[in-house]
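Number of protein chains: 2
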Amino acid sequence: MHEKKIVLTGDRPTGKLHIGHYVGSLKQRVDLQRTTDQYILIADMQALTDNIHNPEKVKAHVIEVLMDYYSVGIDFEVSNIFIQSLIPEIAELAVIYLNLVTVNRLKRNPTIKTEIAQKGFGEAVTAGFLMYPVHQAADITIVRANLVPVGSDQIPMIEQTNEIIEKFTAIYGPLFERVEPLVPSRGNRLPGIDGQAKMGKSLSNAIYLSDSADSVHKKVMNMYTDPNHLHVADPGTVEGNTVFAYLDLFDPNANELANLKEQYQKGGLGDVTIKKRLSEILNSFLEPIRLKRAEIEHEKSWLMEHVLQSTKNVRIRAQETMELVKKCLHLLY
Amino acid sequence: MHEKKIVLTGDRPTGKLHIGHYVGSLKQRVDLQRTTDQYILIADMQALTDNIHNPEKVKAHVIEVLMDYYSVGIDFEVSNIFIQSLIPEIAELAVIYLNLVTVNRLKRNPTIKTEIAQKGFGEAVTAGFLMYPVHQAADITIVRANLVPVGSDQIPMIEQTNEIIEKFTAIYGPLFERVEPLVPSRGNRLPGIDGQAKMGKSLSNAIYLSDSADSVHKKVMNMYTDPNHLHVADPGTVEGNTVFAYLDLFDPNANELANLKEQYQKGGLGDVTIKKRLSEILNSFLEPIRLKRAEIEHEKSWLMEHVLQSTKNVRIRAQETMELVKKCLHLLY
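Top line first, the protein sequences correspond to chains E and B. Everything in the first sequence is counted per my numbering, starting at 1149 for the first residue and increasing by one. Everything in the second sequence is counted per my numbering, starting at 1149 for the first residue and increasing by one.
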């Protein structure tokens, strides 16, 4: 017998989702929802760790993210979408896990170290931010997930979760399975339209799933290419050229793309031509997504009600998990 | 109009309570329950922070502590006794508070620094232990308490809570009152029977509320006095003499005690005489407590059921608090 994997994935509701999210995770979720038991977390509590002054922003983006999910084909009847703050058992489990990890270990977490530097927290890092990998371990184990899709930079988070599980098992006995990271085998990270390595929700360099055709066209026409490719006749570089990076992932015609690259490198192919091609390709990719979004635009409350109901179902599972945890910890009364 | 103060107090269920607890806090609770709204927390989750390998110990002491409460006259109908782990909202609020305090601030907490040194945690201090003042801030504010009885060494904990409240207020608006520490005005700390400064649940130097008359007698007869007072005729020292420290708090006859001290200091009063006096005084103090304990000994399940019911009532208040907190944080769906 081969049981279905239990997947935990999700997003912090801090911005609208973009095509980088689609390539990096949303597409995968649409596939995984057919073959696994998939749980999708709207991590509003975790979003607050670095948005304590902007709780309105977090709240406002919950419905945006849900509409993004719907529009790309995440099936609200199949995937278990749930809102973190409505499941207090996650906080309960996180508090228990805090006893199983040292402060020094959290400080050594490479992902956290990088983020503390990027966000400029320095010595003022809050306890909540330092602890968020522990909170994630609770997110994952509260639904007893055993497969977690992550980018390669997030692997230390899964290691942290597995360390907590090992420690828990060593003291209280086996309850949780080790968690397997699901790391995409091919490059699935889109650069920003400005050529920055990462397309970011809050970096103003993203093409959003909800962008209009016109907006996409403008963004593509302003895209970063090869700064030395000044005239059509000049030879151009394909590596590090944002337009080609996007075409690599979205162009349905591999042969034509190969020819275009060859021509671009030799000289004689202008940026405008390849940008127009990309703009058309992206807009035909986004068109059905826009249609699905338009379909649900006036049914936002249905979407939210649906998620509140599935959160209730997930909470039942979370409560079962906590019963098991509390049994291990002699906390049943 | 003068509203009743809301008091939060409690114990970690890690051992039976002793006469040091009586003098330091239980007596006060018996008084406070008539004049305030008193909440008494059985801090089982917090007890786990340094008992991760001994959850059975924590569980076993819950009923012991409840019997101690009952025996000294805490009224289960009047005081709101509740079990921490049965109120997940406390963990929820603690997780929110973690965002309002820096890791460095927690490390500077004098009480925590002392405890980390005492317990020999060093670099291996767990996140759970470092965070426990934040957890306490959640314990206090979840019932919206404004008065917290503490020993003078615990004042930094109240300062930490008030800092969190101030930060919360500054960002999200006024919801919680400042918390006032209730520090006893007179010396209320009993030394251990071995002369150690502190009588400790786990230091084997305590006279427990549940000790038999015989056991109390033996403990008193072995008490640490003045190590230079070898013969009855020798002059003895009263300061630092454990027997007199106890008599100061328990002897009902102040004049007789003053005479005895004078005689002891001059010489001619033996340790056996003052120990017998103390043994009798302690046993007549403990006798009604023992009787109340015997009364409830076979009704432990009644006691526990009662507390489970009052925990449910406290949880309703906790849920109201979390509704208010979540409204501030835009987390209502």
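Glycine included, every Cβ here is placed at the ideal spot set by N, Cα and C. Just so you know, these numbers come straight off a predicted model, no measurement behind them.
task = Taking residue 1292(B) as the reference, give the member of 1261(B), 1319(B), 1237(B), 1411(B) with the closest Cα.
result = Nearest C-alpha to residue 1292(B): 1237(B).
query = Which chain B residues are close to residue 1200(E), counting only those with a beta carbon under 8 Å from its beta carbon?
reply = Those within 8 Å of residue 1200(E) in chain B are 1247, 1248, 1319.
task = Compute the Euclidean distance between the alpha carbons of residue 1464(E) and residue 1458(E), then round it to the nearest angstrom.
result = 10 Å
query = Mind checking if residue 1273(E) is an interface residue toward chain B, Cβ cutoff 9 Å exclusive?
reply = yes
message = Taking only three categories from DSSP, how would you classify residue 1403(B)?
response = helix
inquiry  = Counting only Cβ-Cβ distances shorter than 7 Å, please list the residues of the stretch 1249 to 1265 of chain B near chain E, keeping chain order.
reply    = 1249, 1250, 1251, 1252, 1254
ask   = For the 8 Å Cβ check, are there 3 or more pairs between the stretch 1238 to 1246 of chain B and the stretch 1464 to 1475 of chain B?
value = yes
key: CB contact check: residue 1222(B) to chain E, cutoff 9 Å   = no
Backbone CA spacing between residue 1354(B) and residue 1398(B) [nearest angstrom] = 15 Å
Contact between the stretch 1192 to 1200 of chain B and the stretch 1360 to 1378 of chain B (3+ Cβ pairs under 8 Å) = no
query = Exposed or buried, what is residue 1416(B) when buried is set at 16 or more other beta-carbons lying within 10 Å of its beta-carbon?
reply = exposed
request  = Report the residue from 1253(B), 1207(B), 1174(B) whose alpha carbon sits nearest the alpha carbon of residue 1273(E).
outcome  = Residue 1273(E) has its Cα closest to that of 1253(B), out of 1253(B), 1207(B), 1174(B).
task = Grab me the residues of residue 1180(B)'s own chain with a C-beta within less than 6 Å of its C-beta, minus the 5 sequence neighbours each way, in chain order.
result = 1155, 1186
query = So the beta strand (DSSP E) residue 1187(B) belongs to, where does it begin and stop?
reply = 1185 to 1190
query = Where residue 1204(B) and residue 1478(E) are concerned, what is the direct C-alpha to C-alpha distance, given to the nearest angstrom?
reply = 6 Å
inquiry  = Restricting to Cα atoms, I'd like to know which of 1278(E), 1309(E), 1297(E) is closest to residue 1290(E).
reply    = 1309(E)
inquiry  = Strictly by DSSP, which residues pair up with residue 1229(E)?
reply    = 1188(E)
query = For residue 1248(B), which residues from the same chain have a beta carbon less than 7 Å from its beta carbon, with the 5 sequence-adjacent residues on both sides left out?
reply = 1312, 1315, 1316
query = Where does the unbroken alpha helix (DSSP H) through residue 1278(E) begin, and where does it stop?
reply = 1275 to 1278
ask   = Taking 8 Å as the line, does the beta carbon of residue 1468(B) fall inside it for any heavy atom of the ligand ADP?
value = Looking at this structure, you won't find the ligand ADP or any other ligand, since it has none at all.
key: Separation of residue 1379(E) from residue 1213(E), as counted between CA atoms   = 41 Å
ask   = Since residue 1207(E) meets chain B, which of its residues come closer than 8 Å, beta carbon to beta carbon?
value = 1478, 1479
query = Between 1258(E), 1225(E), 1202(E), 1437(E), which lies nearest to residue 1165(E) when the distance is taken from Cα to Cα?
reply = 1437(E)
message = Residues of chain E with CB closer than 8 Å to the CB of residue 1237(B), please, in chain order.
response = 1236
request  = Using alpha carbons as the reference points, say which of 1442(B), 1414(B), 1400(B) lies closest to residue 1428(B).
outcome  = 1400(B)
task = Report, in whole angstroms, the separation of the C-beta atoms of residue 1191(B) and residue 1232(B), which I expect to be a contact under 8 Å.
result = Yes, residue 1191(B) and residue 1232(B) are in contact; Cβ-Cβ is about 5 Å, under 8 Å.
task = Kindly indicate if chain E contains any beta-carbon less than 9 Å away from that of residue 1324(B).
result = no
task = Look at the alpha carbon of residue 1260(E) and the alpha carbon of residue 1278(E), and state the distance between them as a whole number of angstroms.
result = Cα to Cα, the separation comes out at about 7 Å.
query = Which residues in the same chain as residue 1347(E) place their Cβ atom closer than 7 Å to its Cβ, once the five residues preceding and following it in sequence are excluded?
reply = 1166, 1168, 1338, 1339, 1340, 1353, 1354
task = Pull up the distance between the alpha-carbon of residue 1422(B) and that of residue 1414(B), whole angstroms please.
result = 14 Å
message = Please list the terminal residues of the continuous alpha helix (DSSP H) segment that includes residue 1327(B).
response = Segment: none, residue 1327(B) is in no alpha helix (DSSP H) and carries neither H nor E.
ask   = What in chain E is Cβ-close to residue 1282(B), meaning under 7 Å?
value = Annotation: Cβ neighbours of residue 1282(B) in chain E (cutoff 7 Å, chain order): 1275.
request  = Hey, could you find the ends of the alpha helix (DSSP H) residue 1396(B) is sitting in?
outcome  = 1390 to 1398
Against chain E: residues of the stretch 1168 to 1202 of chain B by CB proximity under 7 Å = 1192, 1193, 1196, 1197, 1200, 1201
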